[in-house]
Amino acid sequence: MDIWNTIVTWLHGIGLHLDKDTAQTVGQAADQVGQAAGQVGQAMAQWDWGQLMALAAALGWASGFRLYAVVFVTGMLGATDVLQLPGGLTVLQQPVILFISGALLFVEFFADKIPGVDSAWDVVQSVVRVPAGAALAASVFGTDNATMATAAALMGGTLALSSQVAKTTTRAAINTSPEPFSNWGASLLEDGVSIGAVWLAINHPLVFAVALAVVLVLMWVLTWTLWKFLRAVVRRIRRWLGHEEPVALAATGADNQRY
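Residue numbers 319 to 577, in my numbering, belong to the letters of the sequence shown in order.
The following block contains the structure:
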């Protein structure tokens, strides 16, 4: 308010006069903006760089599994004052964001547990999860630190892509089995892992960093193994349908040289 009074006095000095009601309204608005900025500053002060990076990585990685659960739970933590959200994450606690993310979380919770529907849902959501993971990671640092926000966005998008690929490949492999129980188990595991990753990053960032490094290696090994398995399944199905595998030209030439 002192700054606003100084501005009003300066305006009077150059011949521009504001009526009392306008000056009071603008002054109150300026106070509200200042209080909001102060709250964001206090929230950022409670987090060190390691915690912020761990949270950014967790939000990006978990978004590849459960984007709407991550957005809704993080927003609820801020809305209920359980956690002071840093940077631009405060937008997640707005009622409209909570309502939309909660509704989409409800739909995803059931769609992800129906064999076949889950894979279709993953294909549709693949265009959303990666950029959303990057945006959430960048929002941890807000607009005050463009360098760290950019680095966090690159990290968050990459982690979201890795978890998205692992999830899609795993679900495609599981859906080759007719029983639904493995699908339900995988879905519930993803629910718990997504929220657990955010919790671990907030409370134990160093433990989360080590766990994430190990999990990333295991995910890529699993993805590669399942990808080879799915290719074998596709070839087997093609043979059942009467589609023969093409004969390599090199092998054909070698056979011709025998005669």
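From the three backbone atoms N, C-alpha and C, an ideal C-beta is built for every residue, glycine too.
Taking the CA atoms as reference points, residue 444 sits about 31 Å from residue 400. For residue 487, the enclosing alpha helix (DSSP H) starts and ends at 464–492. When Cβ pairs closer than 8 Å are counted between the two stretches, the region 453–460 is seen not to touch the region 510–524, the count staying below three. Secondary structure at residue 432: coil, using DSSP grouped into helix, strand and coil. In the three-state scheme derived from DSSP, where H, G and I count as helix and E and B as strand, residue 538 is classed as helix. In this structure the region 465–479 touches the region 445–455; the number of beta carbon pairs closer than 8 Å is three or more. In this structure, the CA atom of residue 387 is about 6 Å from the CA atom of residue 423. For residue 392, the enclosing alpha helix (DSSP H) stretches over residues 367–397. Around the Cβ of residue 468, a 10 Å sphere holds fewer than 16 other Cβ atoms; the residue is exposed. Nearest to residue 442 by alpha-carbon distance, out of 382, 413, 370, is 382. Residues of the same chain with a CB within less than 8 Å of the CB of residue 537, apart from the 5 flanking positions on each side, are 480, 481, 484 in chain order. It is roughly 18 Å from the alpha-carbon of residue 368 to the alpha-carbon of residue 380. No Cβ-Cβ contact shorter than 8 Å links residue 455 with residue 527.
The beta-carbon distance between residue 501 and residue 431, rounded to whole angstroms, is 6 Å. This is short enough to meet the 8 Å contact definition. Membership of residue 401 in any alpha helix (DSSP H) is not indicated, and neither H nor E is assigned to it by DSSP.
Counting along the chain, residue 514 sits inside the alpha helix (DSSP H) bounded by residues 499–521. Note on residue 428: under 16 other CB atoms within 10 angstroms of its CB, so exposed under the neighbour-count rule.
Around the beta carbon of residue 372, a 10 Å sphere encloses 16 or more other beta carbons of the protein chains shown; the residue is thus reported as buried. Residue burial is scored here from C-beta neighbours: residue 366 has fewer than 16 other C-beta atoms within 10 angstroms and is therefore classed as exposed.
Residue 494 counts as exposed, since fewer than 16 other C-beta atoms from the protein chains shown sit within 10 angstroms of its C-beta. With respect to residue 378, residue 419 sits apart: the two C-beta atoms are not nearer than 8 Å. Looking from the CA of residue 470, the closest CA among 534, 488, 405 belongs to 405. Annotated three-state conformation of residue 437 is helix, per DSSP.
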